[in-house]
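Enquirer: Handing you this structure, nothing more for now.
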Amino acid sequence: MTFYVDNEIDYGFDFPVEELIKELTETVLKEENVPFNNISLNVTFTDDAEIHRINREFRDMDRSTDVLSFPAIDFDAPADFNGIEEGDINYFDPETHELILGDIMISVEHAEMQAKEYNHSFKREIAFLITHSLLHLLGYDHMEEEERLVMEEKQELILNKLGITREI
Numbered sequence: 005m006t007f008y009v010d011n012e013i014d015y016g017f018d019f020p021v022e023e024l025i026k027e028l029t030e031t032v033l034k035e036e037n038v039p040f041n042n043i044s045l046n047v048t049f050t051d052d053a054e055i056h057r058i059n060r061e062f063r064d065m066d067r068s069t070d071v072l073s074f075p076a077i078d079f080d081a082p083a084d085f086n087g088i089e090e091g092d093i094n095y096f097d098p099e100t101h102e103l104i105l106g107d108i109m110i111s112v113e114h115a116e117m118q119a120k121e122y123n124h125s126f127k128r129e130i131a132f133l134i135t136h137s138l139l140h141l142l143g144y145d146h147m148e149e150e151e152r153l154v155m156e157e158k159q160e161l162i163l164n165k166l167g168i169t170r171e172i
């Protein structure tokens, strides 16, 4: 499993953020029965100005946001890996043979603000945003009420499983 973590703003995390990403990713992959163990994932920590620019450029939304997800796989159904064959150049890195999940971009400024707003720790907010985004990378969405409920249930299950509660 390879994680490329880019801390564009040199934020000084007071917890081991790469370990958190690894633990969350492993748990999500296990819970979703992902048939591939060897994956790669890009996570970028940035500021509101940069995430605003990316949101405008790629989603035509002229505002900042907390997290953006850029899936590498276009699923027919969430976490349905049928038809994805190991080594397929559309989904696997030809050099490392890892399944490419996609990219996550998090605004640290937004995460700090939301942690205060929701009265939980910054670590819990980062864990939530990573989990939320990982589910998006696996094809989950929350545009419809039913989808939102499924995604919320999965997020809470994963965070609770790792003991990352609102009190942390």
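Residues in the sequence shown are numbered consecutively from 5, following the working numbering.
Ideal Cβ placement from N, Cα and C applies to all residues, glycine included.
Given the structure is predicted, the values throughout are model-derived calculations rather than measurements.
1) Applying the criterion that 16 or more other CB atoms from any shown protein chain within 10 Å of the CB defines a buried residue, is E36 buried or exposed?
2) Measuring alpha carbon to alpha carbon, tell me which of D70, A131, S73, L153 ends up nearest E22.
3) Look at the Cβ atom of G106, then the Cβ atom of P75, and state whether they are nearer than 8 Å.
4) Please work out which residues of its chain come closer than 6 Å, Cβ to Cβ, to N42, disregarding the five sequence neighbours upstream and downstream, and give them in chain order.
5) Compute every distance between the C-beta of H136 and the non-hydrogen atoms of the ligand SAH, then say whether any falls below 7 Å.
6) Determine whether the beta carbon atoms of S111 and S44 lie at a separation below 8 Å.
7) Are three or more beta carbon pairs between the stretch 121–140 and the stretch 16–30 nearer than 8 Å?
8) Relative to the C-alpha of D215, which residue among R60, H124, V38 is closest?
9) With a threshold of 16 other CB atoms inside 10 Å of the CB of F96, please say whether the residue is buried or exposed.
10) Based on DSSP bridge pairs, tell me the residues matched to S44.
11) Here's the rule I'm using: 16 or more other beta-carbon atoms within 10 Å means buried, otherwise exposed. How should N59 be labelled?
12) If T50 and M109 are in contact, beta carbons under 8 Å, what's the gap, nearest whole angstrom?
Expert: For this structure:
1) buried
2) A131
3) yes
4) E102
5) Absence of the ligand SAH is noted for the structure shown, with no ligands found whatsoever.
6) no
7) yes
8) In the structure displayed, the chain extends from 5 to 172; residue 215 sits before or after that span and is not available.
9) buried
10) T6, I104
11) buried
12) 6 Å
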